[in-house]
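Here the structure comes first, spelled out in structure tokens, and everything after it is commentary.
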Amino acid sequence: MADVTVRHLADMVGIPVDKLIRQMNDAGLAHKASDDNVSDDEKHKLLAFLKKSHGSEASEGKKQITLKRKSVSTLKLAGAGGKSKTVNVEVRKKRTYVKKPEVQETPEESPEIEVQDQVSTETAAQNAVENTAPVVQEAQQEAAVAESAQQEAKIEEPKTEAVAAEVTEAAQSEDKSQEQETVETQEQKVVEESVSVDVAPVKESKKVEEKSAKSASKKSKKVDVAAQISSKTKEIKRAEEAAPEATKVDESKKQEDLKARQEADEKAKQKTLEEARRIAEELAKREQSNDGQEQKEEDLGVQDAIVKQALEDSFAEEERRVKRARKDKERASSKSEREKERKINQYQSKPRKVKLKGTGEHGFQNPTAPVKREVKIGESITVADVANQMSIKGSVVVKELFKMGVMANINQSLDQETAVLLVEELGHMPVTVSENALEEDLEAIVAQNEAGSTLATRPAVVTIMGHVDHGKTSLLDYIRRTKVAAGEAGGITQHIGAYHVETDRGVITFLDTPGHAAFTAMRARGAQATDIVVLVVAADDGVKPQTEEAVQHAKAAGVPLIVAMNKIDKEGIDLDRVRNELSVHDVISEDWGGDTQFIPLSAHTGQGVDELLDSILLQSEMLELKAPAEGPSKGVVLESRLDKGRGVVTSFLVQEGLLKVGDTVLAGEHIGRVRAMHDELGRSIESAGPSMPVEVLGLSSVPDAGESFMIVPDEKKAREVAEFRKTRSRETRFARARAAKLENIFENLKAEETATVYLIIKADVRGSMEAIIGSLTELSTSEVAVSVVSSGVGGITETDANLALTSNATIIGFNTRADGAARQICEAEGIDIRYYSVIYDIIDDVKKAMSGLLEPERREEILGVAEVRDVFRSSKFGTAAGCMVVEGTIHRNKPIRVLRDDVVIFKGELESLRRFKDDAAEVRQGMECGVAVKSYNDVKPGDKIEVFDVKIISRSI
């Protein structure tokens, strides 16, 4: 192999270059720079030096090597039925090679060592000095024990540094022919006379180091201990330095005669005692010597030998202990299995007798005083929650409620007052808490995030209100220069339209509300979310009911009002009439000394529109509208719908903060993440500031129009609030339904006799759905009721069709259509589906359906009256009466009444009507006739026979 540089060799062994150069200099090599070449001989020289410095000349191999061989072959065998099968045959061979031991010289001690921590080193040294005397006395016994133990012990290979290992690997890869098998040999130290001085201290130090090897091995590090070893450690190490190295001998020495060894041991004991006295005298003299550096180096070598030997002994002892523990565990597991089988057989043959351990006393101690618990009660709480907080059974609580006169089960909700009385009756302490604690915590978190936001001027939000067909949307059209009104169904606005308009005079956000009576809730929501209300009144029509309602909404919301008198381009207008009619509702014009601006205009020609915009901007400047332009956003839900392709689409009006894509939104009982935002023109945007209307995608379900929304930083807390709101809404709804049932219990008994129109309503937006339900519910009467079985936003699905089939309901689709599966079910089962785009048509058709269920009205009409003049007998008819028609006409096939003294005494029909001897169908006034009453013979002169007819008249709502 070619020579390599010092840098390359350092990279191969994984150590710094400067450290490798320092080690090469210690080994006697003249390498100074990283670019110097290193030959193979120099590598071997460096390796030999490192092995010598770390305590071994050559690595010791294993004493024996076991080789395993495995071969697999196949064998075909004849089977039953003449079929052959193939069998895999596996042959395993095992062979062991044993190597004879080789005598190796003990390496010299290295000046570069790694030692343990200072604390463990000093402790070991002190223990070694203090225990020198008793160990010397037992030297002979220790020598015999050590000699027998060394025959069985396996000393681990010394751990060298990474440099020695890597260099060894590099040298072996260069010259593989020099590899030799080595076997592990046992060390046997021959104690000579001069060595006997060291026997006791070394063996005692080994005992001490074995105890602290576990903790000392974790803290071992290379340190300079020259300045840290105590004076006592110096003395004992100097004594040990005087002893010559122990040499290894061949195993043939083990066969020496026991008598010769005993004599040698006797001499060694005597020599040890003499040497101990001599060492004690030398230690006293060396304490005063100033040659500290040389002695510290000697002590360092001795200390390193002690620590190293202790570590090796501890590793060997640890390995033996692990093997013993594994064998003990295997024996215990097998024993436990046998014991378990024995016990199972014993228990199966005999009944078990359970013996309780301990004294038999239970751990529960009955409290000496009643336990009073604090029960937290909100605005409503269920009986089960009250019982859980008091740690009593639910049946006890229900029983106490019965005593209080409250009929409730464990799942019903109680109001706060009843729950407080209940808890006090049961001897506990009620604590009333706010029901909105979770919401308050969430608002506090949002308020912290809003802290420090600067206020900026925001555009005004203007709501256009007025009666239907007075020109609200047409006015907004002229401002926006679009054609919105012409595209709306029926020419009327049926949901809140939000528009962001940039005029020459500034930015204004307009909300266009419906004017029809069915959209009262929408107008109320529009007034709550606005800054200025523009009331549009047609100059040729005057004030109408929805105009008055809009005035009331504006006053309730406390927002300023601007009156726009529209359609001034028509003939026959009277502006003073509008002022007079509005003055009745405390809306006084500025011309008459009031504070309300009246602007005459025409949405068709544009006359007066600029003056209206100036008035709006002037009013907004007076209001000084400001809101935080940054931070979490807040606002109101204007409208929401379910789009089949995009999911839930919600219209938001941002009132403060900045709404961005990716924000977590909490709107009422619903939560979601903003996936996309669009403006009123359908353009995608990334953020929206205050007073900006946007459409948002990403909510979990359709929220109610008019709900407030907020951006929350903690999604987990927001989900808790949403779940709490759902639970509260459900409990409120159940409580209201239960109260209605109790109050109207007798009316509900007659409810089965009432005809009902069942409807399923699906609309395009939430606001329109609410308006339709409200309008149809108001049509209910005492005879015919309207029941909305189900309602929702989106298309008509198969589920709606199945529900209509089971409930015998009619499906109404407002700007929606049914899918294919729903249409198939409706056609097969004959379910009525009606599509509408104008709310007027829905109301008219439902009224017709309700009228068809009304009981028809029966009206009686008196056709004629005949007075009985005489009575005669007839063999064919019995009693016959001769009458004179005094009023109207007497018909033969009509019902009659017999009156005596103007009191009805009989009701029936005529059996015969004759004039002279001929049958007659009718007899007019002033003519005589003969009458026979069927099934009645008690007719007397002076009675009156009244003929009448019953007409059935259909009713309508």
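According to the working numbering, the sequence shown is numbered sequentially starting from 127. All C-beta atoms in this analysis are idealised placements derived from N, C-alpha and C, irrespective of residue type, glycine included.
Contact set for residue i: own chain, Cβ-Cβ below 6 Å, skip 5 residues either direction
i, result
"Asp992", "For the sequence presented, residue 992 should be read as Ala rather than Asp. Excluding sequence neighbours, Ala992 sits near Cys1009, Val1011, Ile1016 and Ile1071."
"Ser1082", "Ser977"
"Gly824", "Gly798, Arg799, Val800 and Arg801"
"Ser746", "Ala586"
"Val549", "Val501 and Pro556"
"Pro237", "Low per-residue confidence applies at Pro237: pLDDT is 38, beneath 50, and the placement is therefore not dependable enough to give any value."
"Met1053", "Val1011"
Beta-bridge pairing of residue i - partner residues as DSSP gives them
i, result
"Lys1103", "Limits of the chain in this structure are 127 at one end and 1083 at the other, which puts residue 1103 out of reach."
"Val193", "A small fix is needed here, since residue 193 is Leu in this sequence, not Val. BP columns for Leu193 point to Arg221."
"Ala1062", "The sequence shown places Tyr at residue 1062, rather than the Ala named in the question. Paired residue(s): none; Tyr1062 is not in a bridge."
"Arg845", "Per DSSP, none; premise fails for Arg845."
"His996", "First, the amino acid is wrong: residue 996 is Asp here, not His. Looking at the DSSP assignment, Asp996 forms a beta bridge with Gly1008."
"Leu825", "Gly798"
"Arg1041", "Asp1044"
"Met591", "Leu661"
"Thr776", "Ser766 and Val822"
"Ile1089", "In the structure as shown, the chain begins at 127 and stops at 1083. Residue 1089 is therefore absent and cannot be evaluated."
"Thr853", "Answer is none; Thr853 lacks a bridge partner."
"Ser1023", "The question names Ser, but residue 1023 is Arg in the sequence shown. DSSP lists Lys1033 and Glu1072 as partners of Arg1023."
"Asn514", "Bridge partners of Asn514: none, in fact."
"His730", "Paired residue(s): none; His730 is not in a bridge."
"Phe724", "Val689"
"Asn163", "Thr131"
"Leu581", "Pro754"
"Tyr884", "Ser913"
"Arg447", "Bridge partners of Arg447: none, in fact."
Proximal residues to residue i (C-beta, below 7 Å), its chain only, five neighbours per side dropped
i, result
"Glu500", "Met555 and Val557"
"Leu905", "Val912, Val972, Lys973, Met976 and Ile1083"
"Val1073", "Leu989, Gly990, Ile1016, His1017, Lys1020 and Ile1022"
"Ala848", "Leu792, Glu795, His796 and Ile797"
"Lys519", "Ala513"
"Glu841", "Thr790"
"Ile634", "Pro585, Ala586, Val588, Val627 and Ile742"
"His1084", "The chain is shown only over 127 to 1083; residue 1084 falls outside these bounds and no answer can be derived."
"Pro1084", "The question about residue 1084 has no answer, for the chain in this structure spans 127 to 1083."
"Lys1077", "Arg985 and Glu987"
"Glu707", "Gly668 and Val669"
"Lys698", "Here the sequence assigns Gly to residue 698, which means Lys is not the residue at that position. Excluding positions up to five away in sequence, the list reads Asp666."
Whole-Å CB distance - residue i paired with residue j, under 8 Å assumed
i, j, result
"Asp638", "Lys598", "6 Å"
"Val763", "Glu833", "5 Å"
"Val780", "Ala814", "5 Å"
"Ser766", "Val828", "5 Å"
"Val660", "Ile590", "5 Å"
"Ser165", "Arg133", "About 15 Å separates the two Cβ atoms, so there is no contact after all."
"Ala935", "Leu902", "With a Cβ gap of about 13 Å, Ala935 and Leu902 do not count as contacting."
"Glu955", "Leu931", "5 Å"
"Met803", "Glu821", "7 Å"
"Ala624", "Glu806", "6 Å"
Residues of its chain near residue i, where Cβ-Cβ distance is below 8 Å and the 5 sequence neighbours each way are ignored
i, result
"Thr222", "Gln190, Ile191, Thr192 and Leu193"
"Gly553", "Pro496 and Lys498"
"Asn1063", "Gly1004 and Thr1005"
"Val213", "Thr200, Leu201, Lys202 and Leu203"
"Lys171", "Ala153, Gly154 and Leu155"
"Met533", "Leu527"
"Lys196", "Glu216, Val217, Arg218 and Lys219"
The ligand SAH heavy atom lying under 6 Å from the CB of residue i
i, result
"Val838", "The ligand SAH is absent from the structure shown, which contains no ligand whatsoever."
Practice task
Could you tell me whether the segment 788-803 touches the segment 529-545, where touching means 3 or more Cβ pairs closer than 8 Å?
Solution key: no
Handout entry: contact_flag[the segment 1001-1008, the segment 973-982] where n(CB pairs < 8 Å) is 3 or more
Key = no
Exercise for the section: For the segment 917-982, list the beta strand (DSSP E) runs that are entirely contained and at least 3 residues long, ordered along the chain. Expected result: 936-940 and 959-962
Practice task
With a floor of 3 residues, list each beta strand (DSSP E) that falls wholly inside the segment 647-703, ordered by position along the chain.
Solution key: 658-664 and 687-692
Exercise for the section: May I ask you to verify whether the segment 753-767 touches the segment 713-722, counting CB pairs closer than 8 Å and requiring at least 3? Expected result: no
Practice task
Taking 8 Å as the threshold, find out whether the segment 731-738 comes into contact with the segment 678-695 through three or more Cβ pairs.
Solution key: yes
Problem - Any 3 or more C-beta pairs closer than 8 Å across the segment 737-755 and the segment 579-589 - result: yes
Handout entry: Contact the segment 504-513 vs the segment 538-549: 3+ CB pairs below 8 Å
Key = yes
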